[in-house]
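Please read the structure below before turning to the comments.
In the numbering used here, the protein residues as written are 375 to 554.
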């Protein structure tokens with residue numbers, strides 16, 4: 375996989391993008407919330423696995439090399455929990471029982487030395503939103519069959535994302551100790 379040549383710094387992250395039907399249902403849920411926030415557009419809905427921030431070409435190539443070592447099975451995800459962060463003011467959709475494989479993939483893609491804040495797997499539904507009480511919602515399930523390397527702020531536009539490369543989740547089930 376290659377992400378193309380560029381000499382400029384890029385804000386990069388690894389993520390899971392929901393398939394179209396799940397994205398539609400997630401966007402509808404986000405738009406229906408009464409949190410006075412700005413709903414995230416359907417094509418921008420994703421679950422960030424590892425945010426790497428500003429990377430030059432060498433950093434981008436190192437991330438690509440790391441991703442190419444992943445050999446993991448598809449991951450079944452069931453999003454069934456609404457919650458929020460007060461700073462920044464976000465409303466998100468999360469998993470009440472996230473699979474260990476999701477944590478393993480995120481940890482591997484973060485690599486050593488990256489921010490060690492606790493990984494809270496979620497999809498942002500609204501930004502600049504009023505706080506809400508955490509609650510259960512009707513489940514939205516999908517099977518993650520690939521992960522991507524994406525650029526945030528693509529083409530100099532804040533909030534724009536561009537997928538640079540994709541890798542399948544088509545390996546054997548089990549811990550990510552099975553890296554190549």
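Even glycine gets a Cβ: it sits at the ideal position worked out from N, Cα and C.
{"Item": "Range of the contiguous alpha helix (DSSP H) that encloses residue 394", "Value": "394-406"}
{"Item": "Residue 546 beta carbon less than 7 Å from that of residue 447", "Value": "yes"}
{"Item": "Exposure label - residue 384; buried when at least 16 CB within 10 Å", "Value": "buried"}
{"Item": "Where the alpha helix (DSSP H) through residue 435 begins and ends", "Value": "431-441"}
{"Item": "Segment contact, 8 Å Cβ cut-off, at least three pairs: the stretch 496-516 with the stretch 448-460", "Value": "yes"}
{"Item": "The beta strand (DSSP E) enclosing residue 387, as first and last residue numbers", "Value": "384-390"}
{"Item": "Inter-residue CB distance, residue 541 and residue 442 (contact presumed, cutoff 8 Å)", "Value": "7 Å"}
{"Item": "Three-state class that DSSP yields for residue 518 in the structure shown", "Value": "strand"}
{"Item": "Runs of alpha helix (DSSP H) wholly within the stretch 452-509 (minimum 4 residues, chain order)", "Value": "474-484"}
{"Item": "Nonlocal neighbours in the same chain, by C-beta distance under 8 Å from residue 376, ignoring five residues either side", "Value": "Here residue 376 scores only 44 on pLDDT, less than 50, and its place in the model should not be relied on; the value that follows carries that caveat. So the list reads 438, 539, once near-sequence residues are dropped."}
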